[in-house]
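Each remark here refers to the structure printed beneath this line.
There are 2 protein chains.
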Amino acid sequence: MATKSNQPRNSAGRPLKRADLKTLAQAADCLRILAHPVRIRMVQLVLHDRYTVGELAEDCGVLENVASEHLRLMQRCGFFSSEKEGRRVYYRVTEPHLERILDCIEGRFQAGAST
Amino acid sequence: MATKSNQPRNSAGRPLKRADLKTLAQAADCLRILAHPVRIRMVQLVLHDRYTVGELAEDCGVLENVASEHLRLMQRCGFFSSEKEGRRVYYRVTEPHLERILDCIEGRFQAGAST
DNA sequence: TTGACATATCGCGATGTGACGATATATTTG
DNA sequence: CAAATATATCGTCACATCGCGATATGTCAA
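One line per chain: the protein sequences are Z and H, in this order. Note that my numbering gives residue 49 to position 49 of the first sequence, counting from 1, and the numbers run on in steps of one. Note that my numbering gives residue 218 to position 103 of the second sequence, counting from 1, and the numbers run on in steps of one.
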């Protein structure tokens, strides 16, 4: 008596089970990390080159400790990794899906931005 | 002297300017909306068919007023629209980029999920 | 060693978010 | 009309998040 076909399906035709609760939570956590203008900007930058905390802080217009906290978040969830060189710490992207996800986001938000 | 090329570029080769602040904030807002397990689930469902508040609430395992609040959020930011029929309200996706974005997310989180 | 620099961490206050119960509104049914 | 149903809205409380100043740690240079 459901008005829908008995199981919802994703775009690949696979049924989405309620067992995906954990996966949904993971995805939400990941998106929540990304859902901050400074962090999106950092991802954009670090996707193309490695950057130090100071460089990222300056580009994003935030204090260095604030940048450091954002970077820690992104490192904890596996987006970034860091390499220490002298007194500097360079961050780079390690999550391979980030580029595609960012492309999607940019595709949505820069679509009509040329005018 | 900067260790980077003088301007960061996105994957299309376009330089990313600091003027994108507003765009970054918009993108972050959009991601923040998506960054909730119940809302992701709702988007998955509503991408394939229209659903009433009650149906979504049941599938997601939340109270109907809670579902209604999530739906209001997604309507306010342009993801969904609603059509009233009798005492029911059907929601459907109106944001055309949502499908691609969801695909990206699912690609990330269902990749190794078969084992 | 001392001092400057680069980064990380901590505690705090402000603000935002999420879920809930209660209630309001609209619609159908009897 | 009254009762039941479907949805929306509101007030509230618990909790998370954000940015900040202060401080700690580690590193280079004189």
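Beta carbons are placed, not taken as given, at the ideal position from N, Cα and C, and that holds for glycine.
| said: Measuring alpha carbon to alpha carbon, tell me which residue in H:Leu139, H:Arg154, H:Arg147 and H:Val168 is nearest H:Glu198. | reply: In the second sequence, residue 198 of chain H corresponds to position 83, counting from 1. The option with the nearest alpha carbon to H:Glu198 is H:Val168.
| said: Along the region 86-115 of chain Z, where does the CB come closer than 7 angstroms to a CB of chain H? Name the residues. | reply: His97, Glu99, Arg100, Ile101, Asp103, Cys104, Ile105, Glu106, Gly107, Arg108, Phe109, Gln110 and Ala113
| query | Does the region 51-66 of chain Z come close enough to the region 97-106 of chain Z to have 3 or more Cβ pairs within less than 8 angstroms? | reply | Segments in contact, no.
| message | I'd like to know if the region 139-154 of chain H and the region 30-44 of chain Z are in contact, where contact means that at least 3 CB-CB pairs between them fall below 8 angstroms. | response | Cβ pair count under 8 angstroms is three or more, so yes.
| The beta strand (DSSP E) with Z:Phe80 in it runs from where to where? | Here the question's residue 80 of chain Z lines up with position 80 in the first sequence. In this chain, the beta strand (DSSP E) harbouring Z:Phe80 covers Phe80 to Glu85.
| message | Helix, strand or coil, according to DSSP, for Z:Arg72 in the structure here? | response | Taking the first sequence and counting its residues from 1, the one referred to as residue 72 of chain Z is at position 72. Helix, per DSSP.
| query | Does the distance from the CB of H:Leu186 to the CB of H:Tyr206 come in under 7 angstroms? | reply | Your numbering for residue 186 of chain H matches position 71 in the second sequence. Your numbering for residue 206 of chain H matches position 91 in the second sequence. In contact: H:Leu186 and H:Tyr206 (Cβ atoms closer than 7 angstroms).
| For H:Ile148, which of H:Gly193, H:Cys219, H:Phe224 and H:His163 has the nearest alpha-carbon? | Here residue 148 of chain H corresponds to residue number 33 of the second sequence, with the count starting at 1. Here the closest residue by C-alpha is H:Gly193.
| task | Whole angstroms is fine: what's the gap from H:Cys219's alpha carbon to H:Glu200's? | result | To locate residue 219 of chain H, count along the second sequence from 1; it is residue 104. To locate residue 200 of chain H, count along the second sequence from 1; it is residue 85. Answer to the nearest angstrom: the Cα atoms are 33 angstroms apart.
| task | Residues of the region 141-152 of chain H with a CB closer than 9 angstroms to any CB of chain Z: list them in chain order, please. | result | Those would be Gln141, Ala142, Ala143, Asp144, Cys145, Leu146, Arg147, Ile148, Leu149, Ala150, His151 and Pro152, in chain order.
| Euclidean distance between Cα positions of Z:Ser68 and Z:Pro37 | Sequence index remark: in the first sequence, residue 68 of chain Z carries index 68 (1-based). Sequence index remark: in the first sequence, residue 37 of chain Z carries index 37 (1-based). Distance between the alpha carbons of Z:Ser68 and Z:Pro37: 15 angstroms.
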